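**Student:** The structure is given below, and queries will be raised subsequently.
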Amino acid sequence: MIDLYCILIITESVARTLSGAVPGDTGVSLANLDLLMRSLVFIEDHLEDTVPVQTEDIADACYASKSALEKVFKYMTHFSIHDYIVRRKMTRAARMMIDKPNLNILDIAIQFGYSSHEAFTRSFSQVWNCNPSEFRKRCENRPHTVELFPRITGFMQLEGEKLMRRTVDISELYDFFKSRKDCWFVCGDIVSLIPINNISRKAGDIAISEALRRMESVCGPEDIVFRIGGDEFALLTNSSEEAYAEELKDKILAMNGAIIPYDEEEIPMSLYAKIIKLENDALRYSEIFPKLMIRAEEKA
């Protein structure tokens, strides 16, 4: 069976060629961003299912292969899909304990698909480092200052080097995207990473590190950069102003051709970049990919 996810990428590539757009620019970024968002929606809709949702179910619903979905989650969150689902359930459960202090813990456990208090407590303790009763007691006097756990790592490891990244709570990733539904993305791909990788794997890692640095360097204090593929990145702004996103994109493109040093070689590196806005119910409609593609083509 042909993977519809791959067909969408191929279709976009053909559309770019016919429209005269530069081949290879931000196509995979848009597809990965779409896949991530559709998977988050599906997971959110099935958190309270009696039978736990499986990775295969999510992949089928998103018209993607299981491996493609797992790769996007690993790049984005450094967690498996299963771990994300558990953390998301426990975050929702924790918020329910805070918002509804009179609700029985077993009732909350059952609502999120746990058949026993013991099984729920095990999962809850793995995420929050305390049992549900201790958590509820701890939060009684400070319900609005509770920090969610765990966070997406603030560092990305590349050949022994730590690269600083802004953080967002992994278990609140869905809410985070939803809260910025009218904000702009700047999507970027590394131009011709394969020839750089052919020099050496380490040179490729340095290029990825440099791409993240360039995108981070133009960010405002509330903007955040995600790696959503091998050499694909998304910068999510906290602005609904197109001019702001254009300014960030132009700053990224202005660094194109800058040299990255590797041993005795000087390697020029460039990024493709486009801006995309996910409007209104962007996390709720299945047509997100065509709309992203059309908007990208309009900007080409």
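For the sequence shown, this note's numbering assigns the number 309 to the initial residue and increments by one for each residue that follows. All C-beta atoms, glycine included, are put in the ideal place defined by N, C-alpha and C. Note that the coordinates shown come from a computational prediction; the quantities given were computed from them, not determined experimentally.
(1) Going by DSSP, what residues sit across from L579 in a beta bridge?
(2) Considering Cα atoms alone, identify which of F381, D357, K408 is closest to Y538.
(3) Candidates F485, E426, M405, G421: which alpha carbon is nearest C447's?
(4) Would you grab the beta carbon distance between K582 and C495 for me? Rounded to a whole angstrom, and I think it's under 8 Å.
(5) Is R509 buried or exposed, if buried means 16 or more other CB atoms sit within 10 Å of its CB?
(6) Less than 8 Å between the C-beta atoms of F420 and L355, yes or no?
(7) Under the assumption that A417 contacts F493 (Cβ atoms under 8 Å), give the Cβ distance between them as a whole number of angstroms.
(8) Around the C-beta of T358, are 16 or more other C-beta atoms found within 10 angstroms, so that it is buried, or is it exposed?
(9) Can you tell me whether P569 is buried or exposed, with buried defined as 16 or more other CB within 10 angstroms of its CB?
(10) Use the C-beta contact count for I502: other C-beta atoms within 10 angstroms, 16 or more gives buried, fewer gives exposed.
(11) Go ahead and pull the three-state DSSP assignment for P409.
(12) Helix, strand or coil for F420, going by three-state DSSP, please let me know.
(13) Going by other Cβ atoms of all chains shown within 10 Å of its Cβ, with 16 needed for buried, is R396 buried or exposed?
**Tutor:** According to the data block:
(1) I498
(2) Looking at the sequence itself, residue 538 is Gly, so the reference to Tyr does not match. Looking at the Cα atoms, F381 is the closest of the given residues.
(3) M405
(4) 5 Å
(5) exposed
(6) yes
(7) Actually they are not in contact, since the Cβ atoms of A417 and F493 sit about 37 Å apart, beyond 8 Å.
(8) exposed
(9) exposed
(10) exposed
(11) coil
(12) coil
(13) buried
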